[in-house]
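**Q** Protein sequence lines, in the order shown, are assigned to chains U and F. Residue numbering for the first sequence is 1364 to 1930, as defined by this note's numbering. Residue numbering for the second sequence is 108 to 443, as defined by this note's numbering. We put the CB at the ideal spot given by N, CA and C, even for glycine.
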Amino acid sequence: MPSTNTLDRTNYLNATKGFMSWFWTIDHKRLGLMYLWSVIGCFMLGGFFAMKIRLTLSGDVDFASQTAEQMNAYNNAFTVHGAVMIFLVIIPSIPAALGNFVVPMMLGTKDVAFPKLNRFSYHLWIIGAVLFVATLFIGNLDTGWTFYPPYSTGHTDPSVITAVLGAFILGFSSIFTGLNFIVTIHKMRPPEMTWFKMPLFLWAIYATALIQILATPVIGISLLLILVEKTMQIGIFTPELGGDPVFFQHLFWFYSHPAVYVMILPGMGVMSELFATFSRKPIFGYKSIALASIAIAIFSFIVWGHHMFVSGQSELMSVIFSALTFSVAVPSAIKVFNWIATMYKGSISFSTPMLYGLSIIWLFGIGGLTGLFLATLGTDVYFHDTYFVVAHFHYVMVGSALFGFLGGIFYWWPKMYGVVVDNMASKIGCLMTFVGFNMTFMPQFIGGSKGMPRRYAAYGESAGFDGYNEASTLGAMVLMTGLFIALGSLLWSLKKGKKSPSNPWGGVTLEWMTPSPPPEHNFEIDPPVVGDPYDMTLVEWKGEEEGFLPVNPRADDPCVPDVKPSA
Amino acid sequence: MIPVALLPTLLQHTQEDFWFPSQAARNASMVDELYYFIFYVSLFAFIAIVLATAIFAVKYRRGKVGMNPEDSPHHSTSIEIVWSVIPSLFMVAMFWYGFQDFVVMKQIPDNAYEIQAKAKKWDWKFVYPEGVESFGGNIDMHDGGEGMVVPLGRPVSVRLESSDVLHSLFIPNFRVKMDVVPGRYNYLWFEPTELGEFPLYCAEYCGTRHSRMLAKVVVKSEEDFQQWLKDQVVDLATLPPAEAGFEVWKKNGCAACHNTEGVNGIGPFLNGKYGSTETLADGSTITVDDNYIRESLLDPNSKVVAGFKPEMTSFAGQLNDDEISYLIAYLKSLNE
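1. By how many angstroms is the C-alpha of U:Lys1415 removed from the C-alpha of F:Lys357?
2. Is F:Gln425 helix, strand or coil by DSSP?
3. Would you check if there are 3 or more beta carbon pairs closer than 8 Å linking the segment 228-238 of chain F to the segment 175-192 of chain F?
4. Between the beta-carbon of U:Ile1723 and the beta-carbon of U:Ser1642, is there less than 7 Å?
5. Tell me which residues of the segment 1742-1756 of chain U have at least one Cβ-Cβ distance to chain F shorter than 8 Å, keeping chain order.
6. Under 7 Å between C-beta atoms, does U:Ala1930 make it to chain F?
7. Taking 8 Å as the cut-off, does the segment 341-352 of chain F touch the segment 1854-1869 of chain U (at least 3 CB pairs, one atom from each stretch)?
8. CA-CA distance, F:Asp286 and U:Ser1863?
9. Beta carbon of U:Met1795, beta carbon of U:Gly1845: below 7 Å?
10. Using only CA atoms, which one of U:Asp1785, U:Leu1499 and U:Lys1858 lies nearest to U:Asn1435?
11. Is the beta carbon of F:Gly372 less than 7 Å from the beta carbon of F:Cys364?
12. Is the beta carbon of F:Glu298 less than 7 Å from the beta carbon of F:Pro262?
13. Can you list, in chain order, the residues of its chain whose CB lies under 8 Å from that of U:Val1591, leaving out five sequence neighbours each side?
14. Could you name the residues of the segment 1654-1677 of chain U whose beta carbon sits closer than 7 Å to any beta carbon of chain F, in the order they occur along the chain?
15. With a floor of 4 residues, list each alpha helix (DSSP H) that falls wholly inside the segment 1616-1650 of chain U, ordered by position along the chain.
16. Per DSSP, what kind of secondary structure is U:Phe1672 in: helix, strand or coil?
17. The segment 301-313 of chain F: which residues have C-beta closer than 9 Å to a C-beta of chain U, in chain order?
18. With a threshold of 7 Å between beta-carbons, can F:Arg133 be considered close to chain U, or not?
19. Compare the Cα-Cα distances from U:Pro1721 to each of U:Phe1617, U:Gly1668, U:Val1798 and U:Phe1610 and report the closest residue.
20. For the putative contact between U:Asp1748 and F:Ser275, defined by C-beta atoms under 8 Å, what is the C-beta separation to the nearest angstrom?
21. According to the neighbour-count rule (16 or more other Cβ atoms, all chains shown, within 10 Å of its Cβ), is U:Tyr1485 buried or exposed?
22. Please state whether DSSP places F:Gly303 in a helix, a strand or coil.
23. So for F:Gln207, helix, strand or coil by DSSP?
24. Which one or two residues does DSSP pair with F:Ala322 in a beta bridge?
25. Note down, in chain order, every chain U residue with its Cβ under 7 Å from the Cβ of F:Phe376.
26. For F:Gly252, tell me which candidate among F:Glu402, F:Asn134 and F:Ala362 has the shortest Cα-Cα distance.
27. With 16 as the cutoff for other CB atoms within 10 Å, does U:Thr1594 come out buried or exposed?
28. Have a look at U:Gly1633 and U:Phe1727 and give me their C-alpha separation to the nearest angstrom.
29. Do U:Thr1579 and U:Ser1619 count as a contact pair if the criterion is CB distance below 7 Å?
30. With a 10 Å radius around its C-beta and 16 neighbouring C-beta atoms as the bar for buried, classify F:Met174 as buried or exposed.
31. Examine chain F for any beta-carbon lying closer than 7 Å to the beta-carbon of U:Asn1435, and answer yes or no.
32. Given a cut-off of 7 Å on the beta-carbon distance, is the pair U:Ile1532 and U:Ala1572 in contact?
33. Got a sec, what are the start and stop residues for the beta strand (DSSP E) F:Ala226 sits in?
34. Keeping to the same chain, check which residues put their C-beta closer than 6 Å to that of U:Leu1588; ignore five residues upstream and five downstream.
35. So which residues of chain F does U:Arg1818 contact, with C-beta pairs closer than 7 Å?
36. Spell out whether any CB of chain U is found under 7 Å from the CB atom of F:Arg401.
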């Protein structure tokens, strides 16, 4: 047996040891992994509060006897759940964790353009996250993740200040990461990799980064204005001080709507990689997917007003925003059609990452289509602030962004840790997560269209929403179990997983052209000349042990054991 | 296309259906029709994409077609134009119908009867042009209110105002919702078409008791409505003091914070408290007598019972001496 390219080689994981070698690293792969585990930790925290919400609503406390403390605890739970899941989980999940790990390798370079800035982003992220988590202990943050004034400025406790500072700092982390990716993608592509030979994941990350650097400063400023108002009593948003609360909503959604695409675009990027690789076929409609990413990024900036159809903004504005909102729906639909068309006459593998990919067709289908009801003025007035909206955005953000993240983790896990996780446990984990997710949020659509309002600590018996809440909680249990099984299968693989060849799935983007896990500088030799990123005939299947190998290997290619020079 | 023509009539439902609560106002069926239009278009699209995915996944599974599929086109301008243009056309239709509905929702008829809805943390007060006030009334709340009473078959406009934070008035059966924004007036309107009682919610998060900011809408016939208005004009002096006190209690929204069924809220519950001895925040004790109640109304935060925050606003200038006496009588009556 030739010694295969696995953990016994020197790689980025074992090249240096010790806490500082990780904490002070500038290696994009290590930073990516640290983001990954930080995000998973935050996800568990956010998940804990999700369960608290579900258990409260399915009848832990009864409407008549619920005390003010219990209501505050509930209000705190949904605030923390939302804020943690958005600012600390979904926004950094794919761009910061997977993006950091993958982007430079896809470009065939050894790191991002500004490695130290990249490390600084991570450290800022940690500071922001700590401030955020600290609010859990110093007060009872209960504004909702939206921080709407005048409630947030004049009617609740001071923990808003730390939360807002935390979000402000996280914003800078996000801006620097976006900046880094933009420069990296512009300046560090191999000469042969023209824009339209870039893997679609890079297009998605690029579009995401554009939003990050253009929109995030606005939320930064808005949150600072909240602080200024709260601490110095300068009237900006509070009517008593001469401000306008609706003004905040404009500023807030000017960022937070594009931020929805910071969450979903990278997931779409992962989807494109998954569908091409696991269909062993070039992605269908490459250019339209690439351009749709940019179109979504641009349109995302001009639709924010659809969050405010009942806020009292002018009717004309509402009409214009409704029309513009539909403009985002078209490129999103095009992407879905392209993914499905990619499967046509392919060779479809039901590996774990692809199961997540297939789930997303269902979940994003529902999430996207239910968005139509909310873009339409006549129906949104009714659905606004009901559980219909809650279910809709969970289908988009969890169903699509988070499933994209999970699919991406399983897809690139062999590259990260040199082990493949594709077994019964990982597939059952995916399946249970999928089923549990639908069980949780389907009832919320029905409850919502029955008029069930959001952010209620309890519903009276006469309201008739108890059944939906109980069904939803049951689903959440299944969902949680599925996620734990998925996590368990990942952790198990670190100890006992099957060693991975360089290219276990058959991807032809450059990160698969280096051993798993890669050496410190990603490539021992210059990566091969870039061709079509989805020309699947460039690699062929050589069996479990060796995975997919280049059809015409170069003599010095370390991924190919037979031709590997003596180690 | 007969079914399309029939849709408006088919979709008139005064009973609850799978998706919606019953329709009780004129524009409700309009919203539901639009909903079902989008719903069936979406359902068709959803089934199409899921079916295509499932069929391709089975037909082209690796176990069957092997590792190297035959070459197939990976780009087709005509298909891509078709699947961009057709959805776009449906979206134009959705936008257009939504816009039409919105115009109807936003145009308050000239002859509308105007009620003011005053929102504060955490209750609703409805003020009528005749000077009558009403509040609350949600069945689960037991607050003694009668809710927003409105006449059947007459357009009603509601002027929304908030004295503290954002709220939102939501009546599912009427399919209406509008935010209540401090510092400006917003409006909504409806024309009730069914007699009966319907829930009214606050739909914009407003703090601790957001989930208790409930009320109801009561639709009465024109005749009953006029009678109700007359009945509301109460001369407190003609009532026994305890009953007059209950009227004062209701009118001032005391129940938002004080329960009379033995459960503490933002403030302490008040049944059985008259004559009892309470411990104050500083550790001293006080007997709940007429003078303490009066002081608690006029200068509420000077002697706060232990365990509660000094959050009550003063009613000095809002209650006259008679009203305070009535309130005392009412609280006293709760001991019985």
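**A** In this structure, then:
1. Looking at the backbone, the Cα of F:Lys357 and that of U:Lys1415 are separated by about 35 Å.
2. Note: F:Gln425 maps to coil in three-state DSSP.
3. By the criterion of at least three beta-carbon pairs nearer than 8 Å, the segment 228-238 of chain F is not in contact with the segment 175-192 of chain F.
4. No; because the gap between Cβ atoms is not below 7 Å, this pair is not in contact.
5. Listed by position along the chain: Thr1742, Asp1743, Val1744, Tyr1745, His1747, Asp1748 and Thr1749.
6. Note that U:Ala1930 scores a pLDDT of 42, beneath 50, so its modelled location is shaky; the value from the coordinates is reported in the next line. No, no contact with chain F.
7. No, the segment 1854-1869 of chain U does not touch the segment 341-352 of chain F.
8. Those two C-alpha atoms are separated by around 56 Å.
9. Closer than 7 Å, so yes.
10. The shortest Cα separation from U:Asn1435 among U:Asp1785, U:Leu1499 and U:Lys1858 belongs to U:Leu1499.
11. In terms of Cβ geometry, F:Gly372 and F:Cys364 form a close pair [threshold 7 Å].
12. Yes, Cβ-Cβ distance for F:Glu298 and F:Pro262 is below 7 Å.
13. Cβ within range, chain order: Ile1597 and Ile1599.
14. Cβ proximity to chain F below 7 Å picks out Val1673, Ser1674 and Gly1675 from the segment 1654-1677 of chain U.
15. Along the segment 1616-1650 of chain U, the alpha helix (DSSP H) does not occur as any fully enclosed run of 4 or more residues.
16. Three-state result, U:Phe1672: coil.
17. Per Cβ criterion, the list reads Pro306, Tyr308, Cys309, Ala310, Glu311, Tyr312 and Cys313.
18. Judged by the 7 Å Cβ criterion, F:Arg133 is not in contact with chain U.
19. Rather than Pro, the amino acid found at residue 1721 of chain U in this sequence is Leu. Nearest C-alpha to U:Leu1721: U:Val1798.
20. Confirmed, Cβ separation roughly 6 Å.
21. Looking at its Cβ environment, which holds 16 or more other Cβ atoms inside 10 Å, U:Tyr1485 is buried.
22. In this structure, F:Gly303 counts as strand in the three-state DSSP scheme.
23. In the structure shown, F:Gln207 sits in a helix (DSSP, three-state: H, G or I).
24. Bridge partners of F:Ala322: F:Leu307.
25. Going along chain U, no residue has its Cβ under 7 Å from F:Phe376, so there is no contact; the nearest lies around 11 Å.
26. Nearest to F:Gly252 by alpha-carbon distance, out of F:Glu402, F:Asn134 and F:Ala362, is F:Ala362.
27. U:Thr1594 counts as exposed, since fewer than 16 other beta carbons sit within 10 angstroms of its beta carbon.
28. The sequence as given places Val at residue 1633 of chain U; Gly does not occur at that position. A straight line joining the alpha-carbon of U:Val1633 with that of U:Phe1727 spans about 14 Å.
29. Their beta carbons are not under 7 Å apart, which means U:Ser1619 does not touch U:Thr1579 by this criterion.
30. Per the 10 Å Cβ criterion, exposed.
31. Interface residue, yes.
32. In this structure, U:Ile1532 keeps its C-beta atom at 7 Å or more from the C-beta atom of U:Ala1572.
33. Counting along the chain, the unbroken beta strand (DSSP E) around F:Ala226 starts and ends at Tyr220 to Lys227.
34. Result list for U:Leu1588: Ile1599, in chain order.
35. Using a Cβ-Cβ cut-off of 7 Å, U:Arg1818 is close to Tyr312 and His317 of chain F, given in chain order.
36. For F:Arg401, no CB of chain U lies under 7 Å from its own CB, so it is not counted at the interface with that chain.
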